[in-house]
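Its first residue numbered 39, the sequence shown is counted upward by one per residue in my numbering.
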Amino acid sequence: MDGLKESLAKLEQLRLGGFIARAEFDRRKKQILDEYIGISATGGAPRASNDYPATDSTVCRLRGLPFTATEQDVINFFYGFKMDTAEPVRFQMTADGGHSGLCFVKFATVEEAARAQTKNRQYLGQRYIEIYPSSVEEMDQQTAPVGVASWVRMRGLPWEATKHDVKAFFNGFNVSESDIFMVTRKGGRASGEAFVRFDDEREAQRARYLKDKESMGMRYIELFLVTRKEYDEAVARHQKGPVGRGKGYGGDGGKGGYGGGYNAGYGGGGYGGMGKGYRRMDTGADAGDNVVRLRGLPWRATEWDISQFLGRGLNIAQITIIYQGGRSSGQAFVEFYSKYGVQGALQRDRQLMDSRYIEVFPSSKAEMYAYTAGDGMGGGGYGYGYGMGGYGGYPGY
Numbered sequence: 039m040d041g042l043k044e045s046l047a048k049l050e051q052l053r054l055g056g057f058i059a060r061a062e063f064d065r066r067k068k069q070i071l072d073e074y075i076g077i078s079a080t081g082g083a084p085r086a087s088n089d090y091p092a093t094d095s096t097v098c099r100l101r102g103l104p105f106t107a108t109e110q111d112v113i114n115f116f117y118g119f120k121m122d123t124a125e126p127v128r129f130q131m132t133a134d135g136g137h138s139g140l141c142f143v144k145f146a147t148v149e150e151a152a153r154a155q156t157k158n159r160q161y162l163g164q165r166y167i168e169i170y171p172s173s174v175e176e177m178d179q180q181t182a183p184v185g186v187a188s189w190v191r192m193r194g195l196p197w198e199a200t201k202h203d204v205k206a207f208f209n210g211f212n213v214s215e216s217d218i219f220m221v222t223r224k225g226g227r228a229s230g231e232a233f234v235r236f237d238d239e240r241e242a243q244r245a246r247y248l249k250d251k252e253s254m255g256m257r258y259i260e261l262f263l264v265t266r267k268e269y270d271e272a273v274a275r276h277q278k279g280p281v282g283r284g285k286g287y288g289g290d291g292g293k294g295g296y297g298g299g300y301n302a303g304y305g306g307g308g309y310g311g312m313g314k315g316y317r318r319m320d321t322g323a324d325a326g327d328n329v330v331r332l333r334g335l336p337w338r339a340t341e342w343d344i345s346q347f348l349g350r351g352l353n354i355a356q357i358t359i360i361y362q363g364g365r366s367s368g369q370a371f372v373e374f375y376s377k378y379g380v381q382g383a384l385q386r387d388r389q390l391m392d393s394r395y396i397e398v399f400p401s402s403k404a405e406m407y408a409y410t411a412g413d414g415m416g417g418g419g420y421g422y423g424y425g426m427g428g429y430g431g432y433p434g435y
């Protein structure tokens, strides 16, 4: 009875602390009571220790996890169990850095791992979880890196942040200042972004899940796994400067001229452009990137508004609203964990948000990074340059 009281008291603390909702509290309370009196297992008698499925390992494999599940969610799922203190949970990752829906849990003892299997087919969020005996060997094999890069992109840095601050943010990881690339805008102004290199893919994954949404100063920092290719592209854009040489509307201004023709590429010379706007990348969408671009958003639209517009169940990885001069440009990029999210989002093309029609296009990470790289937002395509373009045969200025 003392054990029952202790379990219920700890559960009540979770509820009062705001860690679980009332419905989850009621569900777990019922599970504790059922287990204590043996309803679910023996029809009334308390479960004996030798009733648990036999296993000779401290590791269990979990399948069917929500794609948004965190390490803490899994630990809470096994509330009351003794888990390994060094690495209790290890997720299997997809090549784009998302969850596969599978993870491994390491317990303190073989007996705890056996007891944990009694949680089989219980719910985590809206998904029921399948639990199987496993081993350290299977865990290492199934969670080996699958092409996820050892680079992490940081977003939301304070404008005054330095490499030293970034290194301190990743305290406990083997990161030196030479592993950090600070992204700057035209004129050397801070962009609020940085790339950080880690020793290997697993360290990058661990850094993301331990430090994502952590604070630096008064700002919380978002972390995204990126490939070496994506990092190299970002460095190349930085070295070339944010302006770029557009093919259609855009260019550098100056001697523009409308007379290039109006074809699928919007002509040769195009409008010279006005001010520091953005440019769309000439490259087409990469189907493997699972990214879409939204255009026509209300100026006050937030990430929450966008997620509600797209609908539930699409497994959104991140939403990036494009700002120009401190104001929303009416465009945003949404990255998903799978192609099914993209397919669902594209079905929302030309649907209404408030009173505005929203256009949804397939896109790519390269295009998304081009928009967020600086004032000119890189790339070619259409966008505004720096001069007033000419019209016809008249020069611009």
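All C-beta atoms in this analysis are idealised placements derived from N, C-alpha and C, irrespective of residue type, glycine included.
From a predicted model like this one, the values you see are computed outputs, not experimental measurements.
With DSSP run on the structure shown, which of helix, strand or coil describes residue i?
i: residue 252; result: coil
i: residue 338; result: coil
i: residue 160; result: coil
i: residue 396; result: strand
i: residue 375; result: coil
i: residue 433; result: In this prediction, residue 433 has a pLDDT of 36, which is less than 50 and means its spatial position is unreliable; what the coordinates show is noted afterwards. Residue 433 falls in the coil class under three-state DSSP.
i: residue 169; result: strand
i: residue 402; result: coil
i: residue 142; result: strand
i: residue 350; result: coil
i: residue 333; result: strand
i: residue 287; result: Bear in mind that the predicted position of residue 287 carries a pLDDT of just 32, short of 50, making it too unreliable to give a figure here.
i: residue 244; result: helix
i: residue 385; result: coil
i: residue 105; result: coil
i: residue 238; result: coil
i: residue 410; result: helix
i: residue 268; result: helix
i: residue 94; result: coil
i: residue 60; result: helix
i: residue 199; result: coil
i: residue 66; result: helix
i: residue 227; result: coil
Since residue i is in the alpha helix (DSSP H), which residue starts that stretch and which ends it?
i: residue 213; result: Segment: none, residue 213 is in no alpha helix (DSSP H) and carries neither H nor E.
i: residue 177; result: 174-180
i: residue 121; result: First-last for residue 121: undefined, no H or E at that position.
i: residue 115; result: 109-115
i: residue 149; result: 148-154
Opposite residue i in the DSSP bridges: which residues?
i: residue 126; result: DSSP lists no partner for residue 126.
i: residue 137; result: 131
i: residue 366; result: 361
i: residue 192; result: 232 and 261
i: residue 53; result: DSSP lists no partner for residue 53.
Using beta carbons (cut-off 7 Å, strictly below), is residue i in contact with chain B?
i: residue 147; result: Protein chains in the displayed structure number just one, and chain B is not present.
Would you give the residue range spanned by the beta strand (DSSP E) that residue i belongs to?
i: residue 357; result: 354-362
i: residue 222; result: 218-222
i: residue 389; result: 389-391
i: residue 99; result: 97-101
field: Validate contact between the region 141-153 and the region 253-269 using beta carbons, cut 8 Å, 3 pairs
entry: The region 141-153 is not in contact with the region 253-269.
Cβ pair count under 8 Å reaching 3, the region 217-231 against the region 239-251: The way I'd put it, the region 217-231 doesn't touch the region 239-251; fewer than three beta-carbon pairs between them come closer than 8 Å.
query: Is the region 204-217 touching the region 266-275 in the sense that three or more CB pairs, one from each, lie closer than 8 Å?
result: With a cut-off of 8 Å on Cβ pairs, the region 266-275 is not in contact with the region 204-217, counting fewer than three such pairs.
message: With three or more C-beta pairs closer than 8 Å as the rule, is the region 159-168 touching the region 104-116?
response: With the cut-off at 8 Å, the region 104-116 and the region 159-168 touch.
task: Could you tell me whether the region 375-384 touches the region 403-410, using the rule of 3 or more Cβ pairs below 8 Å?
output: No contact exists between the region 375-384 and the region 403-410.
message: Measuring CB atoms only, is the region 388-403 touching the region 353-360, in the sense that at least three cross pairs come out at less than 8 Å?
response: These segments do not touch.
task: Determine, using beta-carbon pairs with one atom in the region 231-240 and one in the region 94-101, whether at least three such pairs fall under 8 Å.
output: Output reads no: the region 94-101 does not touch the region 231-240.
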